[in-house]
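S.K.:
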Amino acid sequence: MAALRSADAVHFALLRDTLEVSDSLLSKHLAALESAGYITATKGYVGRRPRTWYALTEEGRAAFDAHIATLREIVDSAGT
Amino acid sequence: MLTPAHSDDRSPSTASESLEIAETISRRIHARRGWYIAGALVMAVVLVAFVVALAAWPERLAQVIVPGLIVVGAILAVLGWSGRTMPAATVTATNRVVGASAVLLLVALLLTRFVLPEGFSVWAALIGALPALPFLYLAWRAGRA
Chain A
56 MAALRSADAV
66 HFALLRDTLE
76 VSDSLLSKHL
86 AALESAGYIT
96 ATKGYVGRRP
106 RTWYALTEEG
116 RAAFDAHIAT
126 LREIVDSAGT
Chain B
23 MLTPAHSDDR
33 SPSTASESLE
43 IAETISRRIH
53 ARRGWYIAGA
63 LVMAVVLVAF
73 VVALAAWPER
83 LAQVIVPGLI
93 VVGAILAVLG
103 WSGRTMPAAT
113 VTATNRVVGA
123 SAVLLLVALL
133 LTRFVLPEGF
143 SVWAALIGAL
153 PALPFLYLAW
163 RAGRA
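As given, the protein sequences belong to chains A and B, one line each in that order.
Read in our numbering, the first sequence has 106 at position 51, and its numbers run on one by one without any break.
Read in our numbering, the second sequence has 111 at position 89, and its numbers run on one by one without any break.
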């Protein structure tokens, strides 16, 4: 979700390369996020190459931002 | 693989690791976008330089055309590679920008050939900026993507 938060949409291969995970593991996690309504998938082509682009939904964006805020609170409270 | 080493989600070390990983991933995505913006800006500069050079030294067209095409091809390859991090709308915009820039380049070349006097001038620089404008727009748009 951090990768998707940093761009409007990111396609599968770039997500896989950025996160350094296998295709199957990434697909599993993307499917779970899509079921939860946190991301959307858009299929298209770049030239003749099929591409699937993933983007955060409003709900996904809010959930990720809340998660990051919580992590920062935990880190800050440990520091004080 | 980029995952925290610890299993306890509430521990500060896990939270800290998770934040660090999120920031690393964000930086990686932004780095690719940086190449795209840089490619668009370099293309704009190359196009201006090309038109101004032709206006100032028209007899050197044969010498600059092949290196110019190689540089343009390389920049378009960089845009294509780094465009993987761009949303589809920006990729579509790239294709339109290349087309618009090609048309403006032709207009600029015709103006420098048939309207402008030979040699460098402010007008040559302004007309040289015409084909660069679509790529400046692309760099701005990619920065906002």
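All residues carry an ideal CB built from backbone N, CA and C; glycine is no exception.
This one's a predicted model, so the numbers in the text were calculated from it and none came from an experiment.
1. Please list, in chain order, the chain A residues whose beta carbon lies closer than 8 Å to that of Arg50/B.
2. Just to confirm before moving on: does the CB-CB distance between Thr114/B and Leu160/B stay below 8 Å?
3. Nearest to Ala77/B by CA position, among Leu101/B, Ser143/B, Val68/B and Gln85/B, is which residue?
4. Is Ala62/A buried or exposed, if buried means 16 or more other CB atoms sit within 10 Å of its CB?
5. Note down, in chain order, each residue of its chain lying with its Cβ closer than 8 Å to the Cβ of Leu138/B, except the 5 sequence neighbours on either side.
6. Taking 8 Å as the threshold (C-beta atoms), are Val68/B and Ile97/B in contact?
7. If you count every other CB in all the chains shown that lies within 10 Å of the CB of Ser90/A, and 16 or more means buried, which is it?
8. Leaving out the 5 sequence neighbours to the left and right, which residues in its chain are closer than 6 Å to Gly90/B when beta-carbon positions are compared?
9. In the structure shown, what three-state DSSP assignment does Leu111/A receive?
10. Under three-state DSSP, which class holds Ser61/A?
11. Kindly give me the distance between the Cβ atoms of Trp57/B and Val100/B, rounded to whole angstroms, as I take these residues to be in contact under 8 Å.
12. Taking 8 Å as the cut-off, does the stretch 56–76 of chain A touch the stretch 111–131 of chain A (at least 3 CB pairs, one atom from each stretch)?
13. Please list the terminal residues of the continuous alpha helix (DSSP H) segment that includes Phe142/B.
14. Please classify Val88/B as buried or exposed, where buried requires at least 16 other C-beta atoms within 10 Å of its C-beta.
15. List the residues of chain A whose Cβ lies closer than 8 Å to the Cβ of Ala60/B, in chain order.
16. Is it buried or exposed for Pro105/A, if we count other Cβ within 10 angstroms and need 16 for buried?
17. Would you tell me roughly how many angstroms separate the C-alpha atoms of Pro26/B and Leu41/B, rounded to the nearest one?
18. Is Ala87/A close to the ligand ZN? I mean its beta-carbon at under 7 Å from any heavy atom of the ligand.
19. Please compile the residues from chain A whose C-beta is within a distance smaller than 8 Å of the C-beta of Ile47/B.
M.R.: Checking against the coordinates, here is how it stands:
1. Ala58 and Thr73
2. no
3. Ser143/B
4. The residue is buried, with at least 16 neighbouring Cβ atoms inside 10 Å.
5. Ala77, Trp145, Ala146 and Ile149
6. yes
7. Counting Cβ neighbours within 10 Å, Ser90/A comes out exposed, since fewer than 16 surround it.
8. Cβ within range, chain order: Phe72.
9. strand
10. coil
11. 6 Å
12. yes
13. It is not in any alpha helix (DSSP H) - Phe142/B carries neither H nor E in the DSSP assignment.
14. exposed
15. Per Cβ cutoff of 8 Å: no residues; Ala60/B is ~17 Å from chain A at best.
16. exposed
17. Residue confidence is low: Pro26/B scores 49 on pLDDT, short of 50, so the model does not pin down where it sits. Its coordinate-derived value is still stated next. About 9 Å.
18. Of the ligands one can find in the structure shown there are none, so the ligand ZN has no counterpart to examine.
19. Ala57, Ala58, Ser61, Thr73 and Leu74
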